[in-house]
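J.:
Shown next as structure tokens:
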């Protein structure tokens with residue numbers, strides 16, 4: 022099977038073909054995308070991370086170039102799919118990086134399959150929607166149903182990027198990736214996934230996580246804020262539920278820290294891996310010198 026994405030291959034996982042793009046060598050880093058961009062979520066950061074890790078980016082079933090998801094798919098099923106993908110790649114344990122709407126998948130995987138997760142990184146996500154997030158989600162579902170997924174991409178871009186990034190040279194390519202990725206999704210399927218997100222509660226799963234964990238967020242993120250309303254779980258509230266976890270806030274970037282803050286996020290991930298003893302110190306020192 023051939024894919025538009027140069028370097029991508031199709032791997033059979035649980036009876037479905039999953040589109041996977043690997044790069045780099047060393048410690049495996051499995052990256053789980055959000056509910057819109059597919060593996061293009063990591064287009065800006067993966068080349069940087071691949072200098073330090075064996076980076077595994079993939080489209081979850083139902084996204085990008087992978088096969089459609091099962092009609093009854095849920096976050097646990099996607100987490101099981103991630104574990105099965107590790108089996109197919111002959112990876113016993115991996116560092117898991119889950120971002121945005123993929124946060125629930127990474128958290129579920131770390132909570133239920135601690136034997137597969139060396140460490141967990143959650144970037145720009147929410148553990149439970151508060152009222153503002155629920156209203157925002159409802160508006161986007163209505164937009165998807167009435168105007169299509171490219172309109173949802175535009176709404177998301179308006180929230181996810183800072184004004185400074187909109188006026189940067191990097192914006193056109195990033196926005197084009199968003200339009201293409203969102204536009205490839207079936208609106209009815211995406212609305213179903215979004216309804217799952219609206220009722221999901223990370224609390225029980227977070228309390229079961231035992232691996233080293235880091236939460237990374239942008240200080241200007243209005244979609245998945247540092248602190249949510251009282252009915253929700255923002256990044257700080259999630260951090261508080263995982264004993265010994267770390268919380269990093271990047272200044273001057275919004276929700277898509279993996280785009281606007283790709284280099285800084287890479288530095289934080291490498292530093293975290295060094296602190297917990299999973300990367301050689303010389304790799305950390307070399308990166309600090311280059312930075």
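Residue numbers (my numbering): 22 to 312. Heads up, the beta-carbon is just placed ideally off N, CA and C, and yes, glycines get one too. In this text, all values refer to a predicted model and were calculated from it rather than measured experimentally.
Looking at the structure shown, is residue 144 part of a helix, part of a strand, or coil, going by DSSP?
T.: Note: residue 144 maps to strand in three-state DSSP.
J.: In whole angstroms, what is the alpha-carbon distance linking residue 235 and residue 219?
T.: If I take the Cα positions, the gap works out to 23 Å.
J.: CB-CB under 6 Å to residue 100, same chain, minus the five flanking residues each way: which ones, in chain order?
T.: 126, 129 and 130
J.: Relative to the alpha-carbon of residue 60, which residue among 48, 47, 45 and 76 has its alpha-carbon at the smallest distance?
T.: 76
J.: For residue 52, name the three-state secondary structure that DSSP assigns.
T.: strand
J.: So residue 143 packs on residue 113, CB below 8 Å; how close in whole Å?
T.: At roughly 22 Å, the Cβ-Cβ gap does not stay under 8 Å, so residue 143 and residue 113 are not in contact.
J.: Please check the pair residue 249 and residue 151, which I expect to be a contact at CB under 8 Å, by giving their CB distance rounded to whole angstroms.
T.: 4 Å
J.: Determine the contact status of residue 145 and residue 238, defining contact as a CB-CB distance below 8 Å.
T.: yes
J.: So, with DSSP's three-state summary, where would you put residue 274?
T.: coil
J.: So the candidates are 55, 45 and 43; which of them puts its Cα closest to the Cα of residue 211?
T.: 55
J.: According to the neighbour-count rule (16 or more other Cβ atoms, all chains shown, within 10 Å of its Cβ), is residue 167 buried or exposed?
T.: exposed
J.: Spatial neighbours of residue 180 within its chain, please: C-beta separation below 7 Å, excluding the five flanking residues on both sides.
T.: Result list for residue 180: 243, 244 and 276, in chain order.
J.: If you run the structure through DSSP and keep just helix, strand and coil, what is residue 222?
T.: coil
J.: Just the Cα atoms here: how many angstroms apart are residue 72 and residue 298?
T.: 17 Å
J.: Just curious, the beta strand (DSSP E) that residue 78 is in, first and last residue?
T.: Judged by DSSP secondary structure, residue 78 falls within the beta strand (DSSP E) whose first and last residues are 75–79.
J.: Looking only at its own chain, which residues have a Cβ that is under 7 Å from the Cβ of residue 223, when we skip the five neighbours before and after it?
T.: 125, 128, 148, 149, 254 and 259
J.: Starting from the N-terminal side, write out each stretch of the alpha helix (DSSP H) that is 4 residues or longer and does not extend beyond the stretch 236–277.
T.: 256–262
J.: Could you check what DSSP says for residue 46 in three-state terms: helix, strand or coil?
T.: coil
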